[in-house]
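Reading through the C-alpha cells given below for one structure.
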Amino acid sequence: MEMGNQFIGSIGALEHSIAHAELTAELSYDIIFNLGYPRREAELAAIAGYLHDIGNLIHRYRHGTWGAIMVFEILSEMGMDPEEVTTIMGAIAHHEEQAGGYSVSNVSAAVILADKSDVNHSRVRKNDATSFTDRDRVNYAAKDSSLFINAMERLIVMNLTIDTEVCSVMDYFEIFLTKMMMCKRAAEYLGCRFDLVINDVQLL
Ligand SMILES: [Fe+2]
Ligand SMILES: [Fe+2]
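Structure representation (C-alpha cells):
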C-alpha cells in the first residue's frame, strides 16, 4: 500500500496513505456497527475499508478492480471464508465513482461513505497551486470533514468546512457532485437519508 501511494504520487494523485486506509477502515466499521448490523459485518467493512485502495500498486486507473483481484489471493491464502472474501472484493471493486461504482452490499455502501468523506487539504501533495486539478482544489479547500451517524433516525450527515477563499461552496458541490450522489445512494442502500452540510448550509 505504501508503494502504491508512492507510485501514484508521481502522477500527482492525492495522498492515499496508510492514514487514509485506517480512517476509511474505522469509519466503515462505525457505520455498519452503529446502524445495528452484526459485528462480523462491521469487521468485514473495516477490512474492505483498509484494503480498498491497494490496487493503486498496479495502476490508478481502475484501482478498485485491481485491488479486488489482489485481495482475492491475499485473503484466500489467509484462510478467509469464500463468501466473506467475495463481500470484500465487491466493496473494493465498486468504490470508485470513475469506474461506475455503486453500492452492492452493506459493506460496499459503508466503504463508499467512509472513503468519500475523507476530504482534507493535507491529502494534496502538490505545492504549486497553479498545477492543481479541480479535485486538488476542492480537497485543498477542505479544512475539516466528518460523518455523523444517527441510527435512531436512520440519518447519515456529512459535515464539511471549506475555505471559500480557495473554492466556493457551489464549486465544491459541482466538482464533488458525482461523489456526493454516490454517498446519497450508499446511505439509501443502508436504509438511511443522506444530508450534506457545507459551512453550515445544507446542500443535500
Ligand atoms: Fe480509491
Ligand atoms: Fe480511498
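Read in order, the letters of the sequence shown correspond to residues 845 to 1048 in our numbering.
Heads up, the beta-carbon is just placed ideally off N, CA and C, and yes, glycines get one too.
Asked, Found
"Whole-Å CB distance - Gly-893 paired with Gly-911, under 8 Å assumed", "That belief does not hold up - the Cβ atoms of Gly-893 and Gly-911 are roughly 12 Å apart, past 8 Å."
"Cβ neighbour criterion (16 or more within 10 Å) applied to Phe-992", "exposed"
"Asp-897 CB to nearest heavy atom of ligand 1 below 6 Å", "yes"
"Buried/exposed call for Gly-923, threshold 16 Cβ in 10 Å", "exposed"
"Rounded straight-line distance, which links the Cα of Ser-961 to that of Glu-917", "29 Å"
"Paired residues, beta bridge with Ala-935 - DSSP", "According to DSSP, which records beta bridges pairwise, Ala-935 is partnered with nothing at all."
"Endpoints, the beta strand (DSSP E) within which Leu-1004 is located", "999-1006"
"Proximity to Lys-970 [Cα-Cα], best of Ala-1031, Asp-980, Ser-872", "Asp-980"
"Distance between Leu-871 and Gly-1016 (C-alpha atoms, nearest Å)", "Inspection of the sequence shows that residue 1016 is occupied by Tyr rather than by Gly. The alpha-carbon atoms of Tyr-1016 and Leu-871 are separated by roughly 23 Å."
"Coil, strand or helix - Ile-1019 by DSSP", "helix"
"Leu-879 burial status per 10 Å Cβ neighbour count (16 or more: buried)", "buried"
"For Ala-1031 and Phe-1038, believed in contact at Cβ under 8 Å, the rounded distance", "4 Å"
"Per-residue DSSP class, three states only, for Val-929", "helix"
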